[in-house]
Amino acid sequence: MCGIVGLLVKTPALKARLGELMVPMLIGMTERGPDSAGLAVFTEPLATDERKISLYSGLTEEGADFNWLGLGHELKAHLGIEARMAVQGNHAVLTIGIAPEPVKRWIKEHHPRLHILSTGRAIDLYKDIGTPTEVAERYDFKHLTGTHLVGHTRMATESAVTPDRAHPFTAGEDFCLVHNGSLSNPYGVRRMLEPRGIKFETDNDTEAACRFLEWRLREGDDLETALQKGFAELDGFYTFLMGTTDKLALIRDPFACKPAVVAENDEYVAIASEFRSLAHLPDIKNAKVFEPAPEEMYVWTA
Amino acid sequence: MDSLKFDLAEIPLRTVNTFLHQEAPGQGVRKVLITNPDGAHNIAVGLDFPVEIEIVGHAGYYAGGMNKQASITVTGSAGTGVAENMMSGRVHVKGFASNGAGASAHGGLLVIEGDAGLRCGISLKGGDIVVGGSVGSFSAFMAQAGRMVICGDAGDALGDSLYEAVLYVKGSIKSLGADARIEPMAEADLATVKALLAAAGPAFDQYAPQDFKRVASARSLYHWNADANQEY
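In structure tokens form, the structure reads like this:
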């Protein structure tokens, strides 16, 4: 099954309440996805020469006791950079003032079990195993702020229940994707991408869709063109919700096998697998509620 | 006690459904208002007594499923499988309905004032469905008996592998499914559409029966054709 939620807010007051509004949305999808949960939140972008890297230490031996301070010292000693770090147990957001690739390479080499969740100027990413309530409390989702976010509750069907196989998946910078459904040709997509130097981190079918679409964006397609190519190349059941620096995008497979409902008003756009995750939103009774059509692209700009 | 109100923000749905199944028929309850449905699944499923139920807001999956005798109105939208397997009575959705609306309904009338999603009336077995808006792809797939009136457009593969159900469409049909064909409207068809529009309520007064096309089965799939090219 799986549940999808997305929220894009249009007023400063709601930007400050982004996490608080989203937590009941995520918890509302617990029956659809009780085994893992995650979200990507997009904030005001950092300066052009800065990057945020979200890191997860739950797969290391130290787990939530990971020595983040030590990592900061190591980065300074080996790469000569001052990294700012916002730590929450097994999770940290590292902010750096240089290109991210050397830093990520160094981390992969020296801390191979430290999982890199996301990279970008706007994106922070959290995901872990556990019920949506547990995960939301673990990372204090209710205090998140920002312009838009993409969330997911997982009921695994295509790969094991592990933190790195939870959603959202990311590729490149400031791009993430969550998926309700199952793809029938993920290995075909993978075999097409791998010779182009695109590396995969899990055996999860969603990762193939995520890396395919990010590859198209990197090749110069705009989001709409990339999604159109997605319709042609990705086979199976899906509702995909994607986040970029300033956009949320939603598509459903031609058979509309997986659900989605949208509520929109002057203050927000909210997306969920089912209306019950939207029912608590402010003034929902007067919002325009509709079901997105299959094989159509829905793109909202923050 | 012929009229009751349940606020689903205050009382669990299971309590309401249990009451509607076990106690309400014997107590002569005739009208029930259900507020704050907030997309809950299975509201007023499996009813079997003559009662008017109004659900104020958006219903989740299978609202009014397996209905017998009851008349259920949803003022907002309905999720997947509204009035699925209805036996008799009426389910009326004022907003839109998601996929599989009225699937395999044996009897009764399902009215959807807005659009219906994909697979509306799939495997219909004798129920009637009137849709004010459009229906998605694969609607009336393998529909065996009953009628559908579609005031908007139909998506791909309308009436694929249709049996004896008959479909009436006012708008465009993106494509017909295998063995479905457009046939001329006879007097009986005009009378059928007129009666179903009237039964659907005042929102459907604006439509004229002569504007509808009849879609029925060519019945060429009823018998195995051994001479046909059997490469699939």
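Respectively, the protein sequence lines represent chains R and W.
For the first sequence, the numbering used here assigns the number 1 to the initial residue and increments by one for each residue that follows.
For the second sequence, the numbering used here assigns the number 1001 to the initial residue and increments by one for each residue that follows.
C-beta atoms are modelled at their ideal positions from N, C-alpha and C, and glycine is treated no differently.
{"Check": "Unbroken beta strand (DSSP E) run spanning Met297(R), endpoints", "Outcome": "297-301"}
{"Check": "Minimum C-alpha distance to Tyr365(R) - residue among Glu233(R), Ser36(R), Ala293(R)", "Outcome": "Here chain R comprises residues numbered 1 to 302, so residue 365(R) is not present and cannot be evaluated."}
{"Check": "Within the segment 116-156 of chain R, ranges of the alpha helix (DSSP H) (whole runs, at least 4 residues)", "Outcome": "132-138"}
{"Check": "Within 9 Å, strictly: CB atoms of Thr116(R) and Lys127(R)", "Outcome": "At residue 116(R) the sequence reads Ile, which differs from the Thr that was named. Going by C-beta atoms, Ile116(R) is not nearer than 9 Å to Lys127(R)."}
{"Check": "Unbroken stretches of the alpha helix (DSSP H), 4 residues or longer, contained in the segment 1017-1077 of chain W", "Outcome": "1024-1027"}
{"Check": "Residue span of the alpha helix (DSSP H) that contains Ala37(R), given as start and end", "Outcome": "It is not in any alpha helix (DSSP H) - Ala37(R) instead sits in the beta strand (DSSP E) that spans 36-42."}
{"Check": "Cβ pair count under 8 Å reaching 3, the segment 140-147 of chain R against the segment 155-168 of chain R", "Outcome": "no"}
{"Check": "Val9(R) versus Asp174(R), Asp222(R), Tyr268(R), residue with shortest Cα-Cα distance", "Outcome": "Tyr268(R)"}
{"Check": "C-alpha distance - Asp49(R) paired with Gly97(R), whole-angstrom precision", "Outcome": "6 Å"}
{"Check": "For His110(R), three-class secondary structure by DSSP", "Outcome": "helix"}
{"Check": "Interface partners of Asn1099(W) on chain R, CB under 8 Å", "Outcome": "Ala256, Pro259"}
{"Check": "C-beta atoms of Gly1064(W) and Ala1040(W) nearer than 9 Å", "Outcome": "no"}
{"Check": "9 Å Cβ cutoff met for Tyr1062(W) and Gly1081(W)", "Outcome": "yes"}
{"Check": "Cβ of Ser1077(W) within 9 Å of any chain R Cβ", "Outcome": "yes"}
{"Check": "Per-residue contacts from Glu291(R) into chain W (C-beta, under 7 Å)", "Outcome": "Phe1096, Ser1098, Gly1117"}
{"Check": "Inter-residue Cα distance where the pair is His1223(W) and Met1148(W)", "Outcome": "25 Å"}
{"Check": "Under 9 Å between C-beta atoms of Glu1084(W) and Ala1070(W)", "Outcome": "no"}
{"Check": "Under 7 Å (Cβ pairs) to chain R, residues found in the segment 1044-1060 of chain W", "Outcome": "His1058, Gly1060"}
{"Check": "Start-to-end residues for the beta strand (DSSP E) that takes in Ile271(R)", "Outcome": "268-272"}
{"Check": "Meets three-Cβ-pair contact criterion under 8 Å: the segment 1225-1232 of chain W and the segment 1180-1200 of chain W", "Outcome": "no"}
{"Check": "Three-way DSSP call (helix, strand, coil) for His179(R) in this model", "Outcome": "strand"}
{"Check": "The beta strand (DSSP E) enclosing Leu355(R), as first and last residue numbers", "Outcome": "The question about residue 355(R) has no answer, for chain R in this structure spans 1 to 302."}
{"Check": "Between the CA atoms of Gly1155(W) and Arg121(R) - distance to the nearest angstrom", "Outcome": "42 Å"}
{"Check": "Inter-residue spacing [alpha-carbon to alpha-carbon] between Arg252(R) and Thr239(R)", "Outcome": "4 Å"}
{"Check": "Three-state secondary structure assigned by DSSP to Met192(R)", "Outcome": "helix"}
{"Check": "Asn1036(W) at chain R interface by Cβ criterion, 9 Å", "Outcome": "yes"}
{"Check": "Distance, His91(R) Cα to Tyr139(R) Cα", "Outcome": "8 Å"}
{"Check": "Buried or exposed (CB count within 10 angstroms, at least 16 for buried), Lys258(R)", "Outcome": "buried"}
{"Check": "Closest by C-alpha distance to Ala226(R), when choosing among Ala249(R), Phe200(R), Ser184(R)", "Outcome": "Ala249(R)"}
{"Check": "9 Å Cβ cutoff, Phe200(R) in contact with chain W", "Outcome": "no"}
{"Check": "Continuous beta strand (DSSP E) stretch holding Phe1138(W): start and end", "Outcome": "Neither: Phe1138(W) is in no beta strand (DSSP E) and is coded neither H nor E."}
{"Check": "Residue closest to Gly1046(W), alpha-carbon to alpha-carbon, out of Pro1037(W), Val1166(W), Thr1018(W), Ala1116(W)", "Outcome": "Thr1018(W)"}
{"Check": "Residue range of the alpha helix (DSSP H) that includes Phe240(R)", "Outcome": "From DSSP, Phe240(R) is part of no alpha helix (DSSP H) but of the beta strand (DSSP E) over 236-244."}
{"Check": "For Ala1200(W), three-class secondary structure by DSSP", "Outcome": "helix"}
{"Check": "Top-ranked residue by Cα proximity to Ala263(R), from Pro254(R), Ala256(R), Ala279(R), Phe255(R)", "Outcome": "Ala279(R)"}
{"Check": "Interface partners of Ala86(R) on chain W, CB under 8 Å", "Outcome": "Under the 8 Å cutoff, chain W gives no residues; its nearest Cβ is about 35 Å from Ala86(R)."}
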